[in-house]
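So for the sequence shown, full-length UniProt numbering puts the first residue at 1; every next one is plus one. Just so you know, even glycine gets a beta-carbon here, dropped at the ideal spot from N, CA and C. Please read all numbers here as calculations on a predicted model, not as lab measurements. Shown next, in structure tokens, is the structure this report addresses.
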Amino acid sequence: MDAGTDVELRQLRCLVAIVDEGSFTDAAIALGVSQAAVSRTLASLERALGVRLLRRTSREVAPTGTGLRVVGHARRVLAEVDGLVREATSGHAHLRIGYAWSALGRHTPAFQRRWAQAHPETELHLVRVNSATAGLAEGACDLAVVRRPLDERRFDSAIVGLERRLCAVAADDPLARRRSVRLADLSGRTLLVDRRTGTTTAELWPPDSRPATEETHDVEDWLTVISAGRRVGMTAESTANQYPRPGIAYRPVRDAEPIAVRLAWWRDDPHPATHTAVELLTALYRNG
């Protein structure tokens, strides 16, 4: 076969139909075309591939050895194409919302329930992806919950709410006995941070009192290290709602600015439900 030869899907569908139906006549009926069209299409496929695919006798049509292999490949190609078409045409029946650590915190169950009640035609899926775009750039979701601005111009976003910053310490830490803490209370500690997705950096403190930092990339590891008393953390209040732990105490940091919760999407290909999701989440945060 010439490297520049094009094999068309209609040719593959024709070949598979002939094999499945057992005759050119029945394949024509199944495909809704004339028997002559089936013969021409198969002949063009055999010319393109440079091989004989079917044996024709007065009694039956059967694939050659090469034909059997080609039919097997054709079935896989057609299945992939059919799946691609289903994904492209029915993708709006699903809404995938990605998040890195803590979804929507205490608003998560209410959002899921209200969405199911108001939009039963669009199935909602929450997807945890620990990346800077919470799975948006990777194609894992249609919308993403992020808690810091996305600098990339290919994305748009809207602020849906604000969350307090909380300190996370071991339950037996002296700070756990307080109702709230200040940034200065943490300056002498080692702070466990996720630079890819987190909202906490040493820049939150004045230059002369910044805490030491240590990096992590997973919320479960973050919780495990903090509960052992080896490190402290600072996070959005949604983390406390999503990940309560007996060995962890969360306390408000009263002099730290709140965190903006954003919903982000592809600028040139927004999901049809984007505006609806933004409105619902904004209402939940406003009334929550």
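Inter-residue Cα distance where the pair is residue i and residue j
i    : j    : result
T197 : R147 : 8 Å
H94  : S34  : 39 Å
E203 : R210 : 7 Å
R106 : N241 : 5 Å
M1   : L84  : Model confidence at M1 stands at a pLDDT of 47, short of 50, so the residue's coordinates are unreliable and nothing is read from them.
C14  : L42  : 7 Å
T64  : R52  : 7 Å
T239 : L280 : 21 Å
H119 : I97  : 15 Å
I248 : D221 : 13 Å
Y285 : R245 : 24 Å
R56  : V77  : 25 Å
A256 : R179 : 15 Å
R177 : A170 : 11 Å
T282 : A158 : 9 Å
Three-state secondary structure (DSSP) of residue i
i    : result
L204 : helix
L119 : One detail in the question is off: residue 119 reads as His in this sequence, not Leu. Residue state, collapsed to three classes: coil.
P63  : strand
A273 : coil
S44  : helix
D6   : coil
L31  : helix
L104 : coil
G83  : helix
S39  : helix
Member of the options whose CA lies at the smallest distance from the CA of residue i
i    : options                   : result
R153 : W265, L15 and E279        : W265
R254 : L186, A140 and V193       : L186
A132 : G229, R195 and H275       : R195
Y250 : D172, R113 and F24        : D172
E123 : F111, A134, N130 and V129 : F111
T201 : G233, A176, W222 and D156 : G233
G50  : V193, V70, R262 and V38   : V70
A236 : E214, A184, G161 and H73  : G161
F155 : D142, D6, R164 and C167   : D142
A168 : R230, S39 and V7          : R230
L62  : V19, A37, R40 and R75     : The sequence shown places Ala at residue 62, rather than the Leu named in the question. The shortest C-alpha separation from A62 is found at V19.
Q11  : E46, D208, Y99 and V181   : E46
A100 : V261, R267 and V278       : V261
Which residues DSSP lists as bridging residue i, in chain order
i    : result
Y99  : R128 and V145
D156 : W265
H94  : E123
E163 : I259
L54  : P63
A168 : G233 and Y250
Proximity test, Cβ basis, 8 Å: residue i and chain D
i    : result
A273 : Here chain D cannot be found, since the structure has a single protein chain.
Can you check the region 107–153 for any alpha helix (DSSP H) of at least 4 residues that lies completely inside it and give the ranges in chain order? Within the region 107–153, the complete alpha helix (DSSP H) runs of at least 4 residues are 108–118.
Could you tell me which uninterrupted alpha helix (DSSP H) segments, each at least 4 residues in length, are contained entirely in the region 170–253, listed from first to last along the chain? Positions of the alpha helix (DSSP H) runs, each at least 4 residues long and wholly inside the region 170–253, are given as 219–227 and 237–242 in order along the chain.
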